[in-house]
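Presented below is the structure to which this report refers.
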Amino acid sequence: MFALADCNNFYASCHRLFEPRFNGVPVIVLSNNDGCVIARSNEAKACGIAMGAPLFKIREQIRQHNIAVFSSHYTLYGDISARVMSNLARFTPNVEIYSIDECFLGLKGFDNLADYAKQIRETVIYNTGIPISVGVAPTKVLAKVANKTSKKHNGVMVLETAAQISDALSDYPVEDLWGVGRQFAHKLIKGGIETAAQFRALPMDWVQSNMTIVGLRMWRELWGESCIPLKSVLEPKKGMCTSRAFGKLTTDYNELKEATSSYAARLAVKLRREKLCTSVLSVRLLTNKFTSESSQAFPSITIPLAHPVNNTIDLVKVALFALKKIYMRGYLFQKVEVTATGLLPES
């Protein structure tokens, strides 16, 4: 069995932790340059504030709904994330930090899973002040489903029986499944497959031929067959990389700064988790190589560090310096990569 612990509205919750007067008040967090929204509390979502909304377009909504506005603070997020992960690690030796605000826990052999998940949630909230949701299921994909479902059930959901799993999948949007990208989601919905239950009901051969091995693995996980192992014991690494494609192509330097800062902060969390430091940091920008409609460029830079580090402040600072060196105006960038090499033990 796997548990997925996910911090609720993590960035907003971090700011509320130090300014509790904003509990229950709409809260948004802005990008490094205070240009656009990168995080929202549930109350802000209810006010109609969209993710990525430019600040200048929502000033009237902010005034109308008395929305609290914070600038992003990645050092703060990294430190609080470390506290949350440390508390989660008390409950099992099998832990995989998936992102700055998500963590998989291996619970094989544990009994009374609903009570245990509730205890995990209450302990983290009590010790850190950060609200979390916990979903438990036989596979990682199902644990993701359980976690999202838990937000409507007091923060805890256990999918243990076939009936519980079927019920959860019956109205779970197929586009929200872990591993279904935008392209596959569009294809499935166009074909009348709108829920996870409908996707699971597809023939295995169809899934494999239309969605490759990735889709087949996800399909098997929805049937309760664990195909994605927990990465709790990691082999020594020569390097680590954090990267993700943007939701859209962008030439905007401030958007690239925001993404680079975020990925550098995540990289710092990964390094500290494995008790490693990096002595070399690389940053690379990528355009969409599969299109001929725009110019191609893949600028990169590698920077040796004076001393091996794994703290968020230093890594973000170096990553932004690197970005400034390689940024090219006029190119539509799809992705940024931040890579650490020359890894050394903290000791």
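Sequential numbering of the sequence shown, starting at 35, is according to the working numbering.
All C-beta atoms in this analysis are idealised placements derived from N, C-alpha and C, irrespective of residue type, glycine included.
(1) Could you pull the start and end residues of the alpha helix (DSSP H) that residue 78 belongs to?
(2) With H, G and I counted as helix, E and B as strand and the rest as coil, what does DSSP make of residue 59?
(3) Go ahead and label residue 38 buried or exposed: buried means 16 or more other beta carbons lie within 10 angstroms of its beta carbon, across all protein chains shown.
(4) Check the C-beta distance from residue 192 over to residue 294 and give it rounded, since I have them as a contact under 8 Å.
(5) Considering only the alpha carbon of each residue, which of 178, 368, 57 lies closest to residue 252?
(6) Assign residue 197 to one of two classes, buried (16 or more other C-beta atoms within 10 Å of its C-beta) or exposed (fewer than that).
(7) Let me check understanding here. Comparing Cα to Cα, which of 289, 240, 98 lies closest to residue 65?
(8) With residue 341 as the anchor, note down where its beta strand (DSSP E) starts and where it stops.
(9) What do you get for residue 139, buried or exposed, if any count of 16 or more other CB atoms within 10 angstroms of its CB means buried?
(10) For residue 317 and residue 247, which I take to be in contact (beta-carbon distance under 8 Å), what is that distance rounded to the nearest angstrom?
(11) Distance, Cα to Cα, residue 153 vs residue 94?
(12) Bridge partners of residue 315, per DSSP?
(13) Please classify residue 373 as buried or exposed, where buried requires at least 16 neighbouring CB atoms within 10 angstroms.
(14) In the DSSP assignment, the beta strand (DSSP E) including residue 280 goes from what residue to what residue?
(15) Taking 8 Å as the threshold (C-beta atoms), are residue 310 and residue 378 in contact?
(16) Inspect the beta-carbon positions of residue 321 and residue 287 and report whether they are closer than 8 Å.
(17) Taking all protein chains shown into account, decide if residue 344 is buried (16 or more other Cβ within 10 angstroms of its Cβ) or exposed.
(18) Counting only runs of 3+ residues fully inside the region 152-200, write out the beta strand (DSSP E) ranges in chain order.
(19) Beta strand (DSSP E) containing residue 104: first to last residue?
(20) Of the residues 91, 80, 116, which one's Cα is nearest the Cα of residue 99?
(21) Give me the DSSP bridge partner(s) of residue 71.
(22) Hey, residue 312 and residue 339: beta-carbon distance below 8 Å or not?
(23) Could you spell out the range, first to last residue, of the beta strand (DSSP E) harbouring residue 44?
(24) When you compare only the Cα positions, how much space is there between residue 103 and residue 230?
(25) Taking residue 143 as the reference, which of 347, 352, 35, 206 has the closest Cα?
(26) Residues in the same chain with beta-carbon distance under 6 Å from residue 131, minus the five sequence neighbours each way, listed in chain order, please.
(27) From residue 72 to residue 51, what does the alpha carbon distance come to, in whole angstroms?
(28) Since residue 284 and residue 108 are thought to touch, with beta carbons under 8 Å apart, how far apart are those beta carbons, to the nearest angstrom?
(29) With distance defined between alpha-carbon atoms, name the residue in 298, 121, 358, 273 nearest to residue 163.
(30) How many Å lie between residue 147 and residue 128 at the Cα?
(31) Determine the burial state of residue 223: buried for a count of at least 16 other Cβ atoms within 10 Å of its Cβ, exposed for fewer.
(32) Where DSSP assigns a beta bridge to residue 215, which residues make up the other side?
(33) Among 355, 329, 350, which has the Cα closest to the Cα of residue 363?
(34) In three-state DSSP terms, what is residue 229?
The structure says:
(1) Judged by DSSP secondary structure, residue 78 falls within the alpha helix (DSSP H) whose first and last residues are 76-80.
(2) Coil at residue 59, not helix or strand.
(3) Buried, by the Cβ-count rule.
(4) Between residue 294 and residue 192 the Cβ distance is about 38 Å, and since that is not below 8 Å, they are no contact.
(5) Taking only the C-alpha atoms, the option nearest residue 252 is 178.
(6) The residue in question, residue 197, is exposed, as its Cβ has fewer than 16 Cβ neighbours within 10 Å.
(7) If we check each option's Cα against that of residue 65, 289 comes out closest.
(8) Its beta strand (DSSP E) spans residues 334-343.
(9) Residue 139 should be labelled buried.
(10) Their Cβ separation, rounded to whole angstroms, is 31 Å, which puts residue 317 and residue 247 out of contact at 8 Å.
(11) Going from the Cα of residue 153 to the Cα of residue 94 covers about 42 Å.
(12) DSSP links residue 315 through a beta bridge to 337, 374.
(13) Buried.
(14) Unbroken beta strand (DSSP E) run through residue 280: 273-284.
(15) Yes, the pair counts as a contact, with Cβ atoms nearer than the cut-off.
(16) Not closer than 8 Å, so no.
(17) Label assigned to residue 344: buried.
(18) Runs of the beta strand (DSSP E) inside the region 152-200: 166-171, 190-192.
(19) From DSSP, the beta strand (DSSP E) with residue 104 extends over 102-105.
(20) The residue with the shortest Cα to Cα distance from residue 99 is 80.
(21) Residue 71 is bridged by DSSP to 64.
(22) With contacts defined by Cβ atoms closer than 8 Å, residue 312 and residue 339 form a contacting pair.
(23) Per DSSP, residue 44 lies in no beta strand (DSSP E) segment; the continuous alpha helix (DSSP H) that holds it begins and ends at 44-52.
(24) When rounded, the distance between both Cα atoms is 36 Å.
(25) Minimum Cα distance to residue 143 is reached at 35.
(26) Residues 119, 137, 307 of the same chain have their beta carbon placed closer than 6 Å to that of residue 131, with the five preceding and five following residues left out of the count.
(27) In this structure, the alpha-carbon of residue 72 lies about 18 Å from that of residue 51.
(28) The C-beta separation of residue 284 from residue 108 comes to about 20 Å, leaving the pair out of contact by the 8 Å criterion.
(29) Ranked by how close their Cα comes to the Cα of residue 163, the residues 298, 121, 358, 273 have 121 in first place.
(30) Counting only the Cα atoms, residue 128 lies some 16 Å from residue 147.
(31) By the neighbour-count rule (16 or more Cβ atoms within 10 Å), residue 223 is not buried but exposed.
(32) Residue 215 pairs with nothing; no bridge assigned.
(33) The residue with the shortest Cα to Cα distance from residue 363 is 329.
(34) In the structure shown, residue 229 sits in a strand (DSSP, three-state: E or B).
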